[in-house]
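A.B. asks:
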Amino acid sequence: LLLQKGLMRALPLLSLLLLVSACDDEEESTVFTEDGGTLEIDDCDYSITTRYGAEPPRVSGKIIGPDPTPRVVHLGIVGDPKTTIVAQWRTVDETTTAGSIRYATGANLPADQLKNEKKGVRFRYEGTGGVLYQVHQAHVCDLEPGTTYSYQVGTGDHWSPVYTFHTAPDVTAHPDAETVFGFVGDSRGGHDVWTQLADQIKQRTPDLILFSGDAVTIGLIQDEWEEFLAAAEPLFASAPVVITNGNHEANAINFYSQFAMPGDQEDFGFTYGFTRIFVGNDSPDNPSALTAITPPAMDADFSEHPEARWRMLMHHRCQWSSGSRHGSDVALQSAWGPIVDKHKVDLVLNGHEHMFEMTKPLFGGQVVSSNQQGTVYVVAGGAGAELYGWDTVGAFSQYVESVHTAAVIRARNDTLTMETFRPDGTAIPGGVYSKTHL
Amino acid sequence: VACIRRRISRLALAALLVVASLAHADNASDFRDASSRRDIDALERIGATTSPWADDAWVEAARIAEQSGDYVRARRDLEQAIATSRAVGSPDSVLVHRAEGDLARITRVGGEKGEWGAVIAEEERLLPALQTPGDPREALRALEKLAREHPGYPRAAMLMVQIAAGWEREGDADRALAWLADAQRAGGPPLDRLRARADRIRVLIRAGYLTEAEHALGELRGEASPGLSANLRDKLDRAKLRRDVRWAMYALLVVLVAAAAFAMRRSAGSWRGAGCRLARPPLEALFFLPIAGVLILVASTGNPLVGRAVWAIAIAGVAISWINGALLAGSRVTLRRAIVHALCAILAVGAATYIAVDRGHLVDFLVETWREGPDP
Chain A
468 LLLQKGLMRA LPLLSLLLLV SACDDEEEST VFTEDGGTLE IDDCDYSITT
518 RYGAEPPRVS GKIIGPDPTP RVVHLGIVGD PKTTIVAQWR TVDETTTAGS
568 IRYATGANLP ADQLKNEKKG VRFRYEGTGG VLYQVHQAHV CDLEPGTTYS
618 YQVGTGDHWS PVYTFHTAPD VTAHPDAETV FGFVGDSRGG HDVWTQLADQ
668 IKQRTPDLIL FSGDAVTIGL IQDEWEEFLA AAEPLFASAP VVITNGNHEA
718 NAINFYSQFA MPGDQEDFGF TYGFTRIFVG NDSPDNPSAL TAITPPAMDA
768 DFSEHPEARW RMLMHHRCQW SSGSRHGSDV ALQSAWGPIV DKHKVDLVLN
818 GHEHMFEMTK PLFGGQVVSS NQQGTVYVVA GGAGAELYGW DTVGAFSQYV
868 ESVHTAAVIR ARNDTLTMET FRPDGTAIPG GVYSKTHL
Chain B
6 VACIRRRISR LALAALLVVA SLAHADNASD FRDASSRRDI DALERIGATT
56 SPWADDAWVE AARIAEQSGD YVRARRDLEQ AIATSRAVGS PDSVLVHRAE
106 GDLARITRVG GEKGEWGAVI AEEERLLPAL QTPGDPREAL RALEKLAREH
156 PGYPRAAMLM VQIAAGWERE GDADRALAWL ADAQRAGGPP LDRLRARADR
206 IRVLIRAGYL TEAEHALGEL RGEASPGLSA NLRDKLDRAK LRRDVRWAMY
256 ALLVVLVAAA AFAMRRSAGS WRGAGCRLAR PPLEALFFLP IAGVLILVAS
306 TGNPLVGRAV WAIAIAGVAI SWINGALLAG SRVTLRRAIV HALCAILAVG
356 AATYIAVDRG HLVDFLVETW REGPDP
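Chains A and B supply the protein sequences, listed in that same order. Residues 468 to 905, numbered by this note's numbering, are exactly what the first sequence covers, in order. Residues 6 to 381, numbered by this note's numbering, are exactly what the second sequence covers, in order.
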């Protein structure tokens with residue numbers, strides 16, 4: 468009885484202590500550390516790592532701020548795109564730590580049919596002037612290949628609209644599958660053009676977006692990112708985006724924090740359908756990486772995936788260009804070109820020069836007679852930035868036009884094609900690529 | 006007997022499976038051949054079969070039809086793709102989702118009955134001619150005719166934006182602005198009209214109509230996103246600053262040239278004497294001429310925009326060294342006078358350099374290089 472009485476008296480005190488300790492946990496979460504960190508993601512066979520300038524990622528908390536409405540929703544991939552997806556978003560307030568994803572199989576489902584729910588992760592990063600920005604992510608890793616899903620993100624009574632996306636197909640089980648990639652780059656403040664192009668790409672229902680860098684003019688300015696992501700939300704919330712660091716992203720923490728991508732987010736490869744895609748950082752903080760890190764990583768990646776039907780390389784600066792602003796990047800030609808040739812890469816996707824240009828097939832720096840024998844380099848740096856011109860069209864050039872453009876690349880088992888279009892959707896006949904696998 | 010029947014039925018089933026798999030393989034290879042040949046009829050024939058490639062064949066046929074401007078056929082083939090995929094209960098719902106998107110897009114642009122197909126084909130034929138070598142004015146006039154004859158064209162606003170861009174490249178900013186004003190009033194998606202308004206402000210800024218640009222930007226506020234407004238505001242403010250600096254540089258050059266002329270006149274005793282002194286190339290100019298030649302030669306092998314600016318700066322350098330040399334030639338040079346001459350020469354070179362860089366639209370280029378470092 469004495470023990471019971473003692474416990475009863477101690478209970479309020481214990482409850483208070485528990486409450487205080489819980490509050491302490493939340494309090495601790497408000498302390499910002501900028502050293503980055505790693506978190507194993509539940510139910511996924513991978514972890515995510517944040518960089519210096521961001522705090523370690525952690526499982527979403529319970530705090531619901533004054534306005535937890537999700538915004539700038541966009542998708543990414545870290546694991547196998549056949550079975551995994553990452554939804555990313557920010558909230559109107561910066562204090563909400565709670566966040567989840569709801570999802571279910573099927574296109575454009577009503578919110579009440581999204582029966583599966585998974586808790587997210589979140590972390591903050593430090594922008595200019597010491598301002599902290601919070602990013603939410605939700606990693607889902609139990610998806611079926613080649614399947615359409617509806618989802619929304621948020622918490623409590625505040626949820627995003629329902630969006631629809633596809634997972635990558637299992638091409639062994641479905642050899643008739645087709646994958647469609649949107650390809651675009653260099654928006655840099657031309658928000659009206661960027662909105663038009665994002666809308667045009669969305670109308671073609673891509674599976675994945677490849678963005679070749681320079682999304683913003685100054686990578687450290689968060690407002691620019693907000694505008695870029697908001698303009699493309701209908702597109703980026705429907706297809707994962709893979710983006711390479713351009714000279715204007717400048718390796719800013721804002722860039723690496725807002726895009727979930729495989730590996731170290733700089734030099735990485737992944738397979739989507741029939742295609743192996745390698746993304747390289749040609750504007751690294753340490754210029755020696757251009758020769759010491761990226762080329763061996765690219766070589767190893769393509770070597771480890773001989774089964775890939777098609778190979779594509781995306782990076783920012785143009786290896787071959789007639790542009791009068793930057794022109795061909797001779798350093799990249801000599802450092803990366805031999806690996807492109809060695810692995811018979813089908814398409815190299817670049818930006819940097821604000822125009823559209825497609826080369827003839829090249830091998831060893833020389834024009835060859837057909838796409839079967841060489842690589843075609845595409846510069847599509849016209850997603851909104853002010854256009855550049857050219858003086859002399861290089862002998863390597865197949866077609867050049869100073870125009871705002873985007874492209875869709877369609878990969879099937881036997882064919883790889885590309886169509887290019889202007890912001891109003893009119894086709895650019897000179898921007899058509901086609902290759903049949905022999 | 007039962008055993009024999011069972012064996013026969015098993016054999017029949019096996020034969021059926023072999024035939025089915027062969028048919029499947031044949032369809033795959035037929036599809037591949039027809040796709041690579043862009044044979045729309047063959048693709049439609051595959052679409053009419055019951056193979057797993059049927060819906061894919063309809064989709065491919067629709068794409069080829071769209072690319073050739075046959076929007077009626079493209080729509081019909083997409084409808085077939087959706088119906089085929091659904092009829093066989095295909096799990097390939099991604100294909101259906103995409104085909105539905107393509108159908109909506111084609112209907113929006115090409116019209117319910119494909120009535121805009123010919124206009125689209127003509128526009129897509131003419132647009133590349135605006136930038137290929139030769140005179141693009143003929144193509145521009147044909148596009149103008151197309152825009153005037155088809156005011157209800159769903160892409161009318163953007164067609165006018167393209168025409169405006171063509172005239173601006175041809176140096177006719179006023180005609181470009183007139184087309185952009187029309188584009189703002191034309192039909193089409195709101196995104197296209199917003200683009201026309203933003204482009205009009207950009208052209209006004211580039212053409213130097215900064216007061217009008219200020220007015221147009223004020224009208225755009227509330228309709229454009231904060232980022233677009235800020236971007237245009239930034240462009241306008243920069244243009245104003247550069248205009249002011251440009252005028253200041255011109256004024257400085259005029260003052261320096263006038264001062265040099267009067268100094269020469271005073272030193273030579275008459276305007277005629279000053280002219281005679283200027284006619285003789287001074288040692289400074291003779292010294293600098295080959296250096297300027299080398300600079301121009303080296304610059305011409307690199308970026309052509311930079312090459313033109315270097316050419317202008319080198320010529321200005323020769324002119325300044327010539328005038329300076331002529332001024333100093335006929336008189337005793339004190340330290341004070343040498344310092345004054347050097348300062349004036351530095352100011353003149355600075356002003357000429359700014360004007361050359363500004364006229365070559367290289368200020369942004371220099372700022373970017375300063376911020377990001379040179380291209381590797």
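The C-beta atom is built at its ideal place from N, Cα and C for all residues, glycine as well. The structure displayed is predicted, hence computed values, not measured ones.
1) Please classify S249(B): is it buried, with 16 or more other beta-carbons within 10 angstroms of its beta-carbon, or exposed?
2) With a threshold of 16 other CB atoms inside 10 Å of the CB of N714(A), please say whether the residue is buried or exposed.
3) Looking at N721(A): is its Cβ nearer than 9 Å to the Cβ of Y844(A)?
4) Taking contact to mean 3 or more Cβ pairs, one atom from each stretch, closer than 8 Å, check whether the segment 567-583 of chain A and the segment 514-521 of chain A are in contact.
5) Can a CB atom of chain A be found closer than 9 Å to the CB of I51(B)?
6) Closer than 9 Å by beta-carbon distance: list the chain A residues that pair up with Q72(B), in chain order.
7) Which residues, in chain order, does the segment 846-869 of chain A contribute to contact with chain B at a C-beta distance below 7 Å?
8) Tell me which residues of the segment 109-142 of chain B have at least one Cβ-Cβ distance to chain A shorter than 9 Å, keeping chain order.
9) What in chain A is Cβ-close to F370(B), meaning under 8 Å?
10) Quick one: does D363(B) have its CB under 9 Å from some CB of chain A?
11) Span of the alpha helix (DSSP H) holding I45(B)?
12) Return the chain-ordered list of same chain residues with a C-beta closer than 8 Å to the C-beta of T859(A), the five sequence neighbours on each side being excluded.
13) Three or more C-beta pairs closer than 8 Å, one from the segment 680-697 of chain A and one from the segment 883-903 of chain A: is that the case here?
14) Rounded C-beta distance between G566(A) and S527(A)? I'm assuming under 8 Å.
15) Please report the straight-line C-alpha distance between D509(A) and V559(A), rounded to a whole angstrom.
16) Do F737(A) and V708(A) have their CB atoms nearer than 9 Å?
17) Which stretch, first to last residue, makes up the alpha helix (DSSP H) that contains H366(B)?
18) Less than 9 Å between the beta carbons of N817(A) and R784(A), yes or no?
19) Using Cβ-Cβ distances below 7 Å, what residues of the segment 169-189 of chain B are close to chain A?
20) Quick check: the segment 77-93 of chain B against the segment 59-67 of chain B, are there 3 or more CB pairs under 8 Å?
21) Return yes when the Cβ of V311(B) is within less than 9 Å of the Cβ of G355(B), no when it is not.
22) Taking 9 Å as the threshold (beta carbon to beta carbon), is H102(B) in contact with chain A?
23) Round the Cβ separation of V70(B) and I45(B) to the nearest angstrom and send it over; I've been treating them as touching at under 8 Å.
24) Output, in sequence order along the chain, the residues in the segment 186-211 of chain B whose CB is closer than 7 Å to any CB in chain A.
25) What does Q732(A) touch in chain B if you count any residue whose Cβ is under 7 Å from its own?
26) Quick check on H658(A) - is its C-beta less than 9 Å from some C-beta in chain B?
27) Alpha carbon to alpha carbon, what distance is there between V114(B) and H625(A)?
28) Count the other CB atoms within 10 Å of the CB of N753(A); is the residue buried (16 or more) or exposed (fewer)?
29) Roughly how many angstroms separate the alpha carbons of Q167(B) and S750(A), rounded to a whole number?
30) Is any beta-carbon of chain B found at less than 9 Å from that of D980(A)?
31) I'd like to check one pair, V620(A) with G573(A): are the Cβ atoms closer than 9 Å?
32) Give a yes or no on whether 9 Å exceeds the smallest Cβ distance from D579(A) to chain D.
33) Which chain A residues are close to R91(B), counting only those with a beta carbon under 9 Å from its beta carbon?
34) I want to verify the contact list: residues of chain B whose CB lies under 8 Å from the CB of V647(A), in sequence order.
35) Anything in chain B within Cβ reach of Q839(A), meaning under 9 Å, just list it in chain order.
36) Check distances from the C-beta atoms of the segment 527-549 of chain A to those of chain B and list, in chain order, the residues that come in under 7 Å.
C.D. replies: Answer, in terms of the structure:
1) Here the sequence assigns Asp to residue 249(B), which means Ser is not the residue at that position. Exposed: under 16 other Cβ atoms inside 10 Å.
2) Looking at its Cβ environment, which holds 16 or more other Cβ atoms inside 10 Å, N714(A) is buried.
3) In this structure, Y844(A) does not lie closer than 9 Å to N721(A) by Cβ.
4) Flag = no, the segment 567-583 of chain A and the segment 514-521 of chain A do not touch.
5) Answer no: the Cβ-Cβ gap between I51(B) and chain A never drops below 9 Å.
6) Correct list: E886, A894, P896 and V899.
7) Answer in chain order: D858, E868 and S869.
8) Cβ proximity to chain A below 9 Å picks out A109, R110, R113, V114, I125, E128, E129, R130, L132, P133, L135, Q136, T137 and P138 from the segment 109-142 of chain B.
9) Chain A residues near F370(B): R792.
10) It does not: the Cβ of D363(B) has no partner Cβ on chain A nearer than 9 Å.
11) Residues I45 to G52.
12) So the list reads S789, once near-sequence residues are dropped.
13) A contact is defined here as three or more CB-CB pairs under 8 Å, and the segment 680-697 of chain A fails this definition with respect to the segment 883-903 of chain A.
14) Separation of the CB atoms of G566(A) and S527(A) is rounded to 4 Å, and the pair is thereby assigned contact status at 8 Å.
15) Roughly 27 Å separates the two Cα atoms.
16) Result no, Cβ atoms of F737(A) and V708(A) do not sit closer than 9 Å.
17) Run containing H366(B): none; DSSP gives neither H nor E here.
18) Cβ atoms of N817(A) and R784(A): closer than 9 Å.
19) Listed in chain order, the positions of the segment 169-189 of chain B with a beta carbon within less than 7 Å of a beta carbon of chain A would be empty, since no residue qualifies.
20) Short answer: they touch.
21) Not a contact, by the Cβ cut-off of 9 Å.
22) Yes, because at least one Cβ of chain A sits closer than 9 Å to the Cβ of H102(B).
23) The amino acid at residue 70(B) is misidentified as Val; the sequence shows Ala. Rounded to whole angstroms, the Cβ separation of A70(B) and I45(B) is 6 Å, and the two are in contact under 8 Å.
24) Residues passing the 7 Å Cβ filter: L196, D197, L199, R200 and A203.
25) For Q732(A), there are no C-beta contacts with chain B under 7 Å, since the nearest C-beta of that chain is about 20 Å from it.
26) Closer than 9 Å to some Cβ of chain B, the Cβ of H658(A) qualifies, so yes.
27) As the crow flies, the alpha-carbon of H625(A) is around 36 Å from that of V114(B).
28) So N753(A) counts as exposed.
29) When the Cα atoms are used, Q167(B) and S750(A) turn out to be separated by approximately 33 Å.
30) This structure gives no information on residue 980(A), because the portion of chain A shown stretches from 468 to 905.
31) The answer is no: Cβ separation not under 9 Å.
32) Among the protein chains of the structure shown, namely A and B, there is no chain D.
33) Simply none; closest approach about 13 Å.
34) Those are R103, listed as they occur along chain B.
35) By Cβ distance, chain B contributes nothing, its closest Cβ being about 12 Å from Q839(A), past 9 Å.
36) The segment 527-549 of chain A vs chain B, Cβ under 7 Å: nothing.
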